[in-house]
Structure formats: structure tokens, C-alpha cells
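S.K.:
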Ligand SMILES: [Co+2]
Ligand SMILES: [Co+2]
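Residue numbers (our numbering), protein chains in the order written: chain A, 62 to 623; chain B, 62 to 623.
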């Protein structure tokens with residue numbers, strides 16, 4: 062099987078099969094080819110990630126301009142853990158069939174591949190508590206990272222193996238040393254909180270059936286496209302209503318959109334070079350030890366791609382769907398596939414405009430939509446902690462079920478936007494709805510009604526380090542100042558509208574503030590750099606925030622324009 | 062026909078037909094019955110509006126609690142213009158068949174019923190300019206009100222009678238005295254701006270066909286419910302997924318939702334007594350005379366109900382639709398009907414939650430949604446003014462087409478919420494995401510990570526006069542403090558999330574600021590009063606803002622709780 066795949070890579074290379082688009086994620090065959098090449102040279106390793114090393118932008122723009130020149134070479138970007146725990150970053154040139162970088166990193170922990178890590182820790186912990194209980198399989202935990210190689214485990218009890226453990230938080234937290242691979246301490250609070258006796262509260266099918274079953278009064282809504290869909294997909298490029306976009310995917314960010322263009326009456330105009338959700342942090346707001354440690358980087362520590370699961374028609378998505386799979390490497394170096402990781406479909410977005418002529422009541426209605434928009438749904442379960450009957454949460458949490466305290470938390474997302482508005486030389490302006498100068502009665506504003514969209518050009522990254530201002534309905538325009546709209550004579554622009562942007566609530570100097578530098582402000586603008594993909598750094602687990610990785614490094618002393 | 066309807070009212074009254082729900086809008090029959098009764102007593106009048114006088118809340122809550130007691134009496138609320146222009150407000154008791162109020166108002170102008178008013182003014186204006194042009198039918202205008210009984214006309218030219226006039230704004234503004242019914246002045250700017258010679262820019266079907274026709278690459282999306290819809294409509298009460306809501310309609314607010322309840326495992330829990338979009342103002346930001354005058358109250362001056370037009374399946378709405386009509390009175394006193402004024406349908410709202418068990422990859426996905434949400438689409442055409450080639454808009458507008466200046470403007474909406482959270486005695490709290498007290502290292506906040514939802518009770522309307530704060534993600538909780546959630550022990554609540562709330566940009570003291578008192582702040586809270594329905598006053602046209610009507614009157618010296 063692996064050999065078949067290696068053969069298919071060879072076919073790509075020799076031109077027997079159509080070559081992948083340079084933005085395409087590595088195929089299963091390419092992943093296994095990379096592993097073969099590494100194995101020959103370095104033997105047995107634990108694979109943390111193998112993903113496409115995206116082509117240099119300069120090189121890629123050249124190829125997009127003229128696809129008849131040779132394509133950028135396919136390179137696999139590899140993170141492995143060597144025996145002894147050393148983390149290594151490597152590149153494999155898939156055309157040359159050789160390793161072109163092999164870098165051993167100091168003081169770095171790779172991203173957590175949750176399931177196997179949980180089991181490993183669980184079995185160790187089981188050994189520790191087996192003496193007092195033979196019900197160990199019913200105790201589960203989630204890990205949270207605090208400082209270097211130390212892991213705090215949040216413990217839960219399950220009355221039955223299929224009960225939701227989040228209704229039964231336990232009050233103690235084992236501390237695990239990942240370097241020594243052992244539990245070094247158990248945090249036991251001064252105030253003990255025995256596990257609650259509440260009735261299990263489950264969402265799974267069996268439990269719902271037992272409580273009277275699912276509702277039967279809801280009729281199906283069918284969404285069909287009997288003549289087919291209006292988009293075409295060639296390889297991973299979607300062509301839809303004059304828009305084109307390449308859909309990539311990696312283990313960390315999940316979906317990556319590249320080379321978004323709009324065909325403006327025959328002219329293909331570039332709009333974005335790359336869009337992705339690049340990082341996310343969830344700080345918790347309970348100051349009581351050890352809960353201050355609780356925070357998570359869902360992308361940097363766990364991987365948005367790795368956390369993806371298969372989508373199924375009628376449950377996750379409705380309508381006429383085009384699916385794309387995702388390919389990863391597992392710990393042993395085999396390639397794995399998540400079927401239907403991405404769903405592409407059309408939705409009716411309602412009316413675009415409706416105009417009525419009052420003379421004859423004639424009406425023109427159009428439907429449609431033209432916005433690139435990210436919608437995130439938080440459909441998880443609350444992270445919970447134990448509480449005693451009648452205990453005061455002191456405002457740091459909410460009792461969501463008897464004996465269950467859901468601590469306050471934020472979700473802060475970091476969208477990485479690489480605009481390409483009619484070309485790569487773009488400028489960002491801050492736009493604020495602003496009253497005109499002069500009070501009522503003044504010469505320049507005699508009636509006081511003057512207002513305008515105040516545009517502030519960002520010339521330095523310091524100026525561009527900005528927050529949302531609700532009072533001015535602040536937006537950000539990404540502009541190509543070398544190309545003016547023929548009517549308005551203003552630069553062609555794409556506007557960033559991002560209004561759900563609370564500040565980072567933990568204070569300056571605290572661990573989360575140091576580690577999640579990207580979350581200190583709503584918007585940062587930096588000059589393009591091929592290496593700057595990860596707003597909280599590439600290897601996020603166990604970082605101390607000293608120095609703060611990612612955006613704080615990039616903005617330290619940079620300017621945007623000469 | 063009118064007599065038939067009078068008979069049907071009589072049947073309602075005598076019990077031959079099922080009586081209307083007390084919240085139901087007046088039927089065509091009831092409107093005509095009211096006109097008959099008024100005519101007998103007062104003769105010929107111009108009818109501005111006939112609408113339901115909603116029952117007193119106290120009385121209505123009694124009936125909702127126990128529908129076996131007699132229903133509140135049906136009363137028609139009438140606005141007429143008597144010969145000579147006097148505006149009269151009246152009530153007609155439809156059961157007793159008599160006028161119970163007939164109040165002649167001073168210094169008040171009724172709402173504009175746009176089409177006939179435009180034609181009347183147009184013909185007058187035509188007389189004035191006929192000497193210089195016999196192309197008068199191609200000149201159209203929109204009216205804007207500035208001060209008492211003076212109307213400013215915004216002029217446009219149409220090269221062809223079906224061209225969009227907004228591409229051809231004229232630079233002069235006739236001033237019309239509505240009391241004298243004549244044009245008293247024409248505002249001619251110092252800088253003349255001849256009508257532009259640009260190519261007409263049209264959206265109507267003929268124009269699109271001439272430019273190559275509609276796109277043919279878009280495939281239909283069909284939304285069907287082969288087993289029918291999941292909601293039931295009895296009269297005007299929708300029953301859907303445990304929710305119930307009565308759908309009313311009037312000429313001013315359009316849709317009114319009454320008595321929204323949720324059936325919580327057998328207990329019908331009230332949530333809202335009444336919800337409506339009660340007012341809206343559009344100030345313009347160009348300080349140059351006479352454009353400071355330009356602003357509109359789309360509801361108070363024109364009527365959200367009157368501006369409604371018929372909806373048609375496939376154009377305005379897709380899916381399995383239940384339509385409701387709207388009944389009005391015309392100027393002569395006949396009842397009119399807008400067919401399909403309201404569309405009720407189900408939409409797929411995507412995933413509510415998805416949980417995956419990583420042990421066996423089993424998945425539970427649910428779909429659904431539980432939010433009462435107002436979505437407004439601004440699908441109009443920009444109000445435009447003339448500009449010379451190369452003229453600088455000075456930031457007060459944007460050249461959207463050659464010679465066409467679209468002036469800056471805001472749209473400020475006023476949603477009236479009458480909560481009834483488990484009963485009518487509710488309290489409003491402001492909720493701000495807030496950092497815990499104490500710096501990093503302090504005893505109460507040793508790590509600096511503490512944060513919480515700060516709740517501030519509004520005790521006076523002054524405290525409750527509040528603005529959105531983006532930095533704290535401010536929301537507002539409407540609570541019943543006498544009923545606690547069994548788990549959280551917090552008052553049962555419904556949260557107002559309203560984040561697109563820019564301030565009113567025209568300055569204090571200016572006409573718009575005075576007239577649109579409701580728009581000075583994002584949220585106001587007042588004690589319930591049956592008379593307080595109109596945030597900018599009931600009769601908005603020609604108001605001077607001295608005193609400011611509506612909310613500024615209600616909040617003058619009120620308290621919320623003792
Ligand atoms: Co959460
Ligand atoms: Co507008």
C-alpha cells in the first residue's frame with residue numbers, strides 16, 4: 062500500500078499523473094514518500110506532523126502569473142520526536158527525494174496529539190490510584206499545560222462509561238512531568254469538594270431515548286439543486302460566480318484559502334493571497350489556585366486540522382455538497398485520512414436588493430451575497446470544576462448543574478489575512494465614523510451635522526497595533542493605493558469588518574498575556590514574511606511567553622512602508 | 062362590498078364568526094366599519110391611518126391569563142385630515158359602533174403617504190417650470206422635511222422615463238410651503254452643477270437584457286418541506302418548536318410580535334409582551350447648505366407598514382411559506398390590502414452542537430437555533446446629489462458615478478422591547494466583561510487572570526441611558542429577579558445583544574439631534590406606559606424637536622423601581 066503510494070508520487074514526479082497544484086496539501090502518497098525518505102536516513106521516529114511547506118510567496122506569485130514556467134518544488138515540512146524526546150524540524154524535497162533540513166530544537170514541545178497522550182497519562186495515573194479504587198476506567202481527564210514539560214490534569218468521574226464526565230468534575234489535579242514521564246504531585250485544594258451525587262446529564266442517543274426520545278414534531282427541510290451546483294471544483298480550486306479560490310488544509314490551521322480572485326468582466330483580479338484561522342486562545346478567569354493555569358491554544362497546542370472530524374450529509378451539512386478529505390501522518394509514520402473533512406455547498410443568502418417602482422408597482426428583486434466571511438460556532442461543552450452545595454462562585458463561574466461550576470472564559474480567535482488587492486503591495490487604513498470639526502454655529506460646521514469616514518494610514522506596525530472602537534464603528538481598509546476606483550477616485554479596497562473583538566481580560570504580565578501576544582490587540586499589521594505564519598509561535602505547547610512568540614516578535618521594531 | 066364587510070363585522074360582534082384575537086390588526090371589514098361610523102357623524106374626510114388601538118396591557122394580561130373572560134373591546138385608532146388641513150385623532154368603539162374620542166390637534170402634521178403627496182407637489186412644480194421645459198414628466202423628486210410645514214424637494218432628471226433618476230441629481234431644491242400649498246422659494250447653490258451627461262445606469266429587466274442579459278451560470282436552489290412545515294398558524298398565532306407568538310401589523314411599525322411564550326415542558330412561560338421596530342432615522346453628514354436639512358424618519362414620517370410591498374415566492378422568499386396580508390385605509394376611506402405582506406418560513410440554521418467521542422469516533426449532531434433576532438437589510442438606492450467633474454467631495458460624500466455624489470449618512474434603528482420574562486415585573490442589568498480587581502501579585506488576584514461579568518442594576522432611567530461598550534462586550538440582561546434558575550440561582554433572564562450601535566453623529570443642538578432623541582443613546586429603559594409607543598413621537602413629520610418628542614419626554618424624571 063505504502064509502496065503503491067510511493068509509486069504514485071513517482072508518477073507525479075515523472076509526469077505520468079497530473080501534478081498537484083503548488084498549494085495542494087500533501088497527498089497520502091506524498092506523506093508516505095516523505096516518511097520513506099526520512100526512515101532510510103534516520104530510522105524509527107515518532108511523527109508529530111507532516112504538512113506542505115508552502116512555496117515562497119515571491120516564487121508562487123511568479124508561477125500564478127505564468128503557470129507555464131516550472132512549478133515550485135513540493136516540499137514536506139516535518140516535525141518528529143526522536144528517541145529521548147528531542148523535537149526535530151525537517152524539510153523533505155519530494156522531487157529530489159532527499160532531506161534538505163534537519164534541525165534539532167532546544168526547549169520546544171511539539172503539538173499535542175490528544176488521544177494517545179491521554180491514554181498514556183491515564184494509564185500512569187491509574188497505577189497511582191488503583192489501590193483505592195478498581196473503577197479506574199471511569200476516571201478521565203483533560204490535560205492543560207502550565208509551564209515547561211509540566212502538565213496539569215483536570216479530573217472527572219463517570220458513573221457509567223458513557224456518561225458525560227463534565228457533570229462530575231473532581232476537585233484534585235495531578236501534576237505530570239512530561240520529561241520524567243511521571244506524576245510528581247497532586248494538587249489537593251484546602252476546601253474539599255466531594256464528587257456530586259446529581260443525576261447524569263447526557264446528550265447521547267441512548268440517554269435521549271430513555272428520557273422520552275427525540276422530538277417528532279419537526280418536519281424535514283430539504284435543500285436540493287436538481288440542475289446541479291453553480292460552482293465547479295477542479296482539483297482544489299473552486300470556481301463560483303466569478304470568484305476563484307484554492308482550498309488547502311493543514312494539521313494546525315485546518316482550512317487555508319489561497320489565491321482568492323474575482324473575474325471582473327474578463328480581468329482576473331487578485332484579492333487575497335492567503336486566509337486562515339491561524340491561532341486561538343481560551344483564558345479562564347478564576348483566580349483560585351490551580352485554576353489560573355487553565356488556558357488552551359486550540360490551534361497551536363492541539364491543531365485545528367487534527368481536531369477535524371468527518372462531516373456527513375444531513376447531519377453536518379444540508380444540500381448538494383462537494384466534500385474534500387484531509388491527509389495526515391500518524392505517530393508511526395503511516396498516512397491517515399479524514400474523509401469529508403471539508404464541506405463545500407451553496408446557501409441561499411436572501412435578498413441582495415429589492416426595488417419597487419411606485420408608479421406601477423413593478424419590482425426588481427435580486428438574491429446574492431459577496432462577502433468573504435468567517436463564521437465560528439462554539440459547540441463544545443463547558444470546562445467544569447467541582448463545587449459544594451450552596452458554595453458561592455464569587456462571580457468567577459456559574460453553577461450550571463448541581464455541584465458543577467463552569468468557570469468564566471473567553472474565546473479569542475486570530476485570523477491571518479494576507480491581502481493581495483490587485484497585487485501584493487497593499488496599505489492598511491483605519492476607518493472611523495467621525496464628527497466634523499467645529500461646534501454647531503461654527504463656520505466649517507454651521508449646523509453640526511457634518512460627519513465623515515476618517516481614514517488613518519498605518520505607516521508603522523506600532524500605529525497599526527489597534528483595537529476595535531464601538532463608538533466609531535471602526536473598520537480597517539486594505540487598499541491598493543496605486544489603483545483607483547474610476548468613479549470614487551479612491552484606492553481599490555477590501556474592508557475588514559470585525560466587531561466581536563473584546564480585549565484580552567487577563568492582565569499584563571500574567572502567563573496567558575505573555576504566551577498569547579497576538580490577543581493583546583484586535584488588529585496587527587506586519588510586512589509580509591514567508592516565515593511569519595504562527596501568531597503564537599510554531600511550537601506552542603509549554604511556551605513560557607518569555608520571550609513572547611509570534612506577533613510580539615514580528616512587531617518589535619518593524620515599519621510597514623519606507 | 063363595503064356593506065358586506067360591515068355585515069361581517071356585525072357577524073363578529075354577534076358571534077356568528079369567530080371573533081378576532083385582541084392583538085389582531087383591524088380587518089378590512091373593521092376598517093370600513095370604522096369609516097362608516099365616522100362618515101355618518103363627520104362627513105367627508107381624508108384618511109391618514111386607521112389601525113388597531115391595542116388593548117391596555119393590564120386588561121390584556123388578564124385576558125391572556127384567562128381567555129374565558131370577555132375579550133378587550135375592538136377599537137379603531139384613527140388619524141384623519143379635515144378640510145382645511147386640521148389633523149384629528151379619534152377612536153371608534155367597533156362594538157358600540159360609536160366614536161369615543163375626536164381630538165383636533167394643533168401644530169401637527171400626519172405621516173406622509175408618499176405617492177399621492179409626490180404627485181400633488183410634482184404637478185404644482187410642473188406649473189412653475191413648464192415655461193422652460195416640456196419634459197416635465199421626466200423630472201422627479203423626493204421630499205425631505207425641514208421645519209414646520211416647509212418641505213424641501215430633492216430634484217432628479219430622467220433621460221428616459223424608466224431610467225434610474227439617482228444617476229442624474231439636479232443641483233437646485235424647491236422649497237414648498239405645505240400650509241399655503243405653494244412653492245415659495247428655490248434654493249440655487251452658488252456653485253452650479255449642471256446635470257451630468259453620463260450613460261444611464263439601470264437595474265431594471267430591460268436594461269439588464271440590453272447589456273447582455275441575466276447570468277445563466279447560476280443553478281436553482283430548491284428548499285422544500287415535503288411533509289409540510291413544523292409550525293402551525295391559528296389565526297395570527299404561530300406555534301413552533303414550543304414557541305408561540307402573535308403576529309400583528311400596523312401602518313407605522315410594520316410587524317408587531319406580541320405575547321411570545323415558550324412551552325417549557327408543559328409550562329407556558331411568557332418571554333416578551335411586545336416587540337417591534339418602532340422608529341428609524343437617517344441623518345446625512347454634508348454640512349453644505351441646504352444638505353444639512355436632509356434626514357428622514359422612515360417609520361415616523363413614511364410608515365414601515367405603508368412602505369411594505371407584496372412578497373412573492375422564489376423572488377422574495379424561498380421554501381414553504383405561510384403569508385399574511387395587511388389591511389390599510391386609503392385617503393378616501395376605502396380599505397386596501399397588501400397581499401403577502403408578511404412571509405413566515407423555516408430556515409436551516411446549521412449546527413447547534415456536535416460532540417464526538419474520541420474513544421470510538423461516535424458523533425452526536427443537533428441542528429437548531431433559539432434566538433429572537435432582527436435582521437435588517439438595507440437594499441435601497443443611495444440618495445445622491447450633483448457634482449462637477451473633478452470636484453472635491455471634501456470627505457462628506459463619495460463620487461459613486463460620474464457627477465453623482467452620495468452623501469455620508471447613518472441608519473439608526475430603534476427596537477422597542479417590552480419584556481415579560483416569566484411575568485411583567487422585570488429588571489434590566491447592564492453586563493460588562495470586566496477584569497478582576499487587583500494587579501498581578503495582589504492577594505485577591507495573585508495571577509491577574511481574574512475576570513467576570515459585571516452586572517449593574519438599572520434603578521433609574523438616567524442610569525439606564527446607556528451606550529454600547531465594545532471594550533467590555535456590553536450586553537443587557539432583562540431579568541425576573543423573583544424567579545431564580547434552579548441551577549445557577551440567578552434570575553431568569555433574556556439577554557439583549559446589540560453590537561452594531563454607533564452613536565448619533567450629528568452634534569447636540571442640531572435639528573436631527575433634537576428630533577431623534579431616541580438615537581442619542583443605544584439603550585433606554587422606561588417603566589411601562591400604554592401611551593409610550595413612539596420613540597420620536599406619534600406624529601413625526603414637521604416636528605421641530607423643541608421639545609423633543611418620545612423617549613426624551615418619557616425619561617425626563619422617571620424612576621424604574623421604588
Ligand atoms: Co467556551
Ligand atoms: Co442608506
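Quick reminder that beta carbons are idealized off the backbone N, C-alpha and C, glycines included.
Taking 6 Å as the limit between beta carbons, can you name the residues of its chain near residue 601 of chain A, skipping five residues before and five after?
M.R.: The beta carbon of residue 601 of chain A is closer than 6 Å to those of 358, 361 and 362 in its chain, skipping five residues each way along the sequence.
S.K.: I want to check one thing, is the minimum distance from the CB of residue 413 of chain B to the heavy atoms of ligand 1 below 7 Å?
M.R.: no
S.K.: Report all residues from its chain with a CB closer than 7 Å to the CB of residue 582 of chain B; omit the five preceding and five following residues, and keep chain order.
M.R.: 526, 527 and 528
S.K.: Closer than 9 Å by beta-carbon distance: list the chain A residues that pair up with residue 52 of chain B, in chain order.
M.R.: Because residue 52 of chain B is not part of the residues shown, which for chain B are 62 to 623, the question remains open.
S.K.: Just verifying my parser: in three-state terms, what is the DSSP assignment at residue 238 of chain A?
M.R.: Correct three-state label for residue 238 of chain A: strand.
S.K.: From the DSSP secondary-structure annotation, give me the bridge partner or partners of residue 166 of chain A.
M.R.: In the DSSP assignment, residue 166 of chain A forms a beta bridge with A/148.
S.K.: Give me whichever residues DSSP pairs with residue 591 of chain A in a beta bridge.
M.R.: Its beta-bridge partners do not exist; DSSP assigns none.
S.K.: What distance in whole Å lies between the Cβ atoms of residue 515 of chain B and residue 495 of chain B, which are believed to be in contact at a cut-off of 8 Å?
M.R.: 4 Å
S.K.: If you drop the 5 nearest sequence neighbours on each side, which residues of the same chain put their C-beta closer than 7 Å to that of residue 560 of chain B?
M.R.: 529
S.K.: Could you run through the region 536–567 of chain A and flag, in chain order, every residue whose CB is less than 8 Å away from some CB of chain B?
M.R.: 548, 549, 550, 551, 560, 561, 562, 563, 564, 566 and 567
S.K.: Taking a Cβ distance cut-off of 9 Å, strictly less, list which residues of the region 407–429 of chain A are near chain B, in chain order.
M.R.: 407, 408, 409, 411, 412, 413, 414, 415, 416, 417, 418, 419, 420, 422, 423, 424, 425, 426, 427, 428 and 429
S.K.: Please determine whether the Cβ atom of residue 441 of chain A lies at a distance below 7 Å from any heavy atom of ligand 1.
M.R.: Result yes, Cβ under 7 Å from ligand 1.
S.K.: Is it buried or exposed for residue 489 of chain B, if we count other Cβ within 10 angstroms and need 16 for buried?
M.R.: buried
S.K.: Measuring CA to CA, which of A/576, A/595, A/319 and A/264 is closest to residue 306 of chain A?
M.R.: A/319
S.K.: For chain A, find out if any of its Cβ atoms is closer than 8 Å to the Cβ of residue 447 of chain B; answer yes or no.
M.R.: no
S.K.: Within a Cβ cutoff of 7 Å, which residues of the same chain sit near residue 189 of chain A, ignoring the five residues on either side of it in sequence?
M.R.: Since pLDDT at residue 189 of chain A reaches only 49, below the 50 mark, its modelled position is unreliable, and no value is offered.
S.K.: Under 8 Å between C-beta atoms, does residue 198 of chain B make it to chain A?
M.R.: Summary for residue 198 of chain B: the model assigns pLDDT 37, below 50, so the residue's position carries little reliability; its value from the coordinates is reported in the next sentence. For residue 198 of chain B, the answer is no, since every Cβ of chain A falls outside 8 Å of its Cβ.
S.K.: Would residue 426 of chain B pass as a contact of residue 265 of chain A if the rule is Cβ separation under 8 Å?
M.R.: no
S.K.: I want to see whether chain B comes within less than 8 Å of residue 265 of chain A, judged by CB atoms only; does it?
M.R.: Residue 265 of chain A counts as touching chain B.
S.K.: DSSP beta-bridge partners for residue 467 of chain A?
M.R.: A/445 and A/459
S.K.: Helix, strand or coil: how does DSSP classify residue 273 of chain A here?
M.R.: coil
S.K.: Find the residues of chain A that neighbour residue 280 of chain B, judging by a C-beta separation of less than 7 Å, and give them in chain order.
M.R.: 286, 288, 289, 290 and 291
S.K.: Quick one: give me the first and last residue of the beta strand (DSSP E) that residue 213 of chain B is part of.
M.R.: 211–218
S.K.: Roughly how many angstroms separate the alpha carbons of residue 249 of chain A and residue 612 of chain B, rounded to a whole number?
M.R.: Looking at the two C-alpha atoms, the distance is approximately 56 Å.
S.K.: Using the Cα positions of residue 327 of chain A and residue 160 of chain A, report the straight-line distance between them to the nearest angstrom.
M.R.: 43 Å
S.K.: Counting Cβ pairs closer than 8 Å, one from the region 453–472 of chain A and one from the region 218–236 of chain A, do we hit at least three?
M.R.: Touching, per the Cβ criterion.
S.K.: Using the Cα positions of residue 303 of chain A and residue 599 of chain B, report the straight-line distance between them to the nearest angstrom.
M.R.: 48 Å
S.K.: Distance, Cα to Cα, residue 311 of chain A vs residue 475 of chain A?
M.R.: 16 Å
S.K.: Considering Cα atoms alone, identify which of A/585, A/439, A/459 and A/440 is closest to residue 447 of chain A.
M.R.: Of the listed residues, the one whose Cα sits closest to residue 447 of chain A is A/459.
S.K.: Using a Cβ-Cβ cutoff of less than 8 Å, which residues in the same chain neighbour residue 123 of chain B once the five nearest sequence positions on both sides are dropped?
M.R.: Counting only Cβ-Cβ distances below 8 Å, and skipping sequence neighbours, we find 130.
S.K.: Following the continuous alpha helix (DSSP H) through residue 613 of chain A, name the residue where it begins and the one where it ends.
M.R.: 612–615
S.K.: Cβ of residue 470 of chain A within 7 Å of any heavy atom in ligand 1?
M.R.: yes
S.K.: Between which two residues does the beta strand (DSSP E) harbouring residue 405 of chain A extend?
M.R.: Segment 396–405, the beta strand (DSSP E) holding residue 405 of chain A.
S.K.: Starting from residue 140 of chain B and walking both ways along the beta strand (DSSP E), at which residues does that stretch end?
M.R.: 136–142
S.K.: Output the distance between the C-alpha atoms of residue 118 of chain A and residue 257 of chain B, rounded to the nearest integer angstrom.
M.R.: 45 Å
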